[in-house]
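Notes follow the structure.
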Amino acid sequence: MRNLQVTIDSNSGFCFGVVYAIQMAEDLLDEQGYLYCLGDIVHNDVEVERLQQRGLRIIDHAQLRELRDEAVLIRAHGEPPATYHVAMQNNLTLIDASCPVVLKLQNRIKTSYDKDERIFIYGKHGHAEVMGLLGQTSNKAVVFENLDELMQHELPSKITLYSQTTKSTNSFYNIKDTLEQKGYEVDANDTICRQVSNRDKDLRKFAAQFDKIIFVSGTKSSNGKVLYQVCKETNPATYFVSKVEELQPSWFADGDTVGICGATSTPMWLMEEVRDILLREAV
């Protein structure tokens, strides 16, 4: 019925921090059959379900405080110092899969905090990585999601500016430039992960090449929401799916070229599943 030409974006899929965390989890699951993980190991429901079927046990911070004498995986997003204190008290072995980019950022924020600098973090309220960053400042840093929110605060004349690692570099520098134009002195620390930020540019090129784009991502992924919009701006015929069951036949016409891409939390196997269904015309 439909002769679709389907291509997966080779730059999409897990960033190296997520690859590292999942590989570590799989190795331990192979060894001991189960493993506790503090929070979703990745913001993708189907990948979490796959690992849970292998024995991964997702717990929250309240459950962590009740746990004793076990091994617990710290995911790529990192954790605040309080988590490590709980682990010591409860004789927990932490398997730390914190992304090296995130750990470097945590250390830099801690150094700034120790110097009594006024720290402002461009990031998403309540995001796991941001909670870890806030913890380096005894929760005294100010988190803001956009410039309007930042300007509602009474700002000091000198601002130390940081960013969640997955935010847009353009937005970060726009915030810095606007603050400087308003007369503030800004010590801007660009700690954005280039493997993530470069996907913006790469995805625009990719999305422009096809009649239709299927963007595959978990609904909880902040990065996924941003990158979906990037694709949609470039190619209005972009469709968001979190699993293969959400594909709709009405999206496609005979002979369409279709590009499949995803977030840094989207497993390659899921994009391959989407491709295979499209090629089998089983949507």
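Each residue of the sequence shown is one higher than the last, beginning at 0 in numbering that gives the first Met the number 0. By construction, the Cβ of each residue, glycine as well, lies at the ideal position given by its N, Cα and C atoms.
- Contact between the region 200–220 and the region 23–33 is not established, with fewer than three Cβ pairs separated by less than 8 Å.
- By the Cβ-count criterion, ASP275 is exposed, with fewer than 16 other Cβ atoms from all chains shown falling within 10 Å of its own Cβ.
- Excluding residues up to 5 positions away in sequence, GLU46 lie with their Cβ nearer than 6 Å to the Cβ of PRO266 in the same chain.
- Here the C-alpha atom of ASP68 lies approximately 23 Å from the C-alpha atom of GLY131.
- Between the region 88–96 and the region 131–142 there are fewer than three inter-stretch CB-CB distances shorter than 8 Å, so the stretches are not counted as touching.
- DSSP, read as helix, strand or coil, puts ASP186 in strand.
- Taking C-beta atoms as the reference points, ILE120 and TYR161 count as a pair closer than 8 Å.
- Classified as exposed, GLN180 has fewer than 16 neighbouring CB atoms from the shown chains inside 10 Å of its CB.
- Residue environment analysis places MET150 among the exposed positions, since fewer than 16 neighbouring C-beta atoms fall within 10 angstroms of its C-beta.
- Rounded to whole angstroms, the Cβ separation of VAL273 and ILE213 is 6 Å, and the two are in contact under 8 Å.
- Separation of THR82 and GLY122 (C-alpha to C-alpha, rounded to the nearest whole angstrom) is 21 Å.
- Short of 6 Å from the beta carbon of ASP199, and not among the five residues preceding or following it, lie these beta carbons of its own chain, in chain order: VAL229.
- Collapsing the DSSP output to three states places SER167 in coil.
- According to DSSP, GLN4 shares a beta bridge with THR256.
- Excluding residues up to 5 positions away in sequence, TYR121, GLY122 and ILE191 lie with their Cβ nearer than 7 Å to the Cβ of LYS166 in the same chain.
- Contact between ASP186 and THR159 holds: CB atoms are separated by about 5 Å, below the 8 Å threshold.
- An exposed status is given to ARG193, since fewer than 16 other beta-carbon atoms sit within 10 Å of its beta-carbon.
- Within its own chain, the residues whose Cβ lies closer than 7 Å to the Cβ of ASP95, once the five positions on either side in sequence are excluded, are ILE73, listed in chain order.
- Excluding residues up to 5 positions away in sequence, LEU55, ILE57 and LEU72 lie with their Cβ nearer than 6 Å to the Cβ of CYS36 in the same chain.
- Ranking SER241, GLY261 and ALA236 by CA distance to the CA of SER249 puts ALA236 first.
- Per DSSP, the unbroken alpha helix (DSSP H) holding SER196 starts and ends at 193–206.
- Within the region 67–113, the complete beta strand (DSSP E) segments at least 3 residues long are 70–73 and 92–95, listed from N- to C-terminus.
- Per DSSP, ILE212 is one residue of the beta strand (DSSP E) stretching across 211–215.
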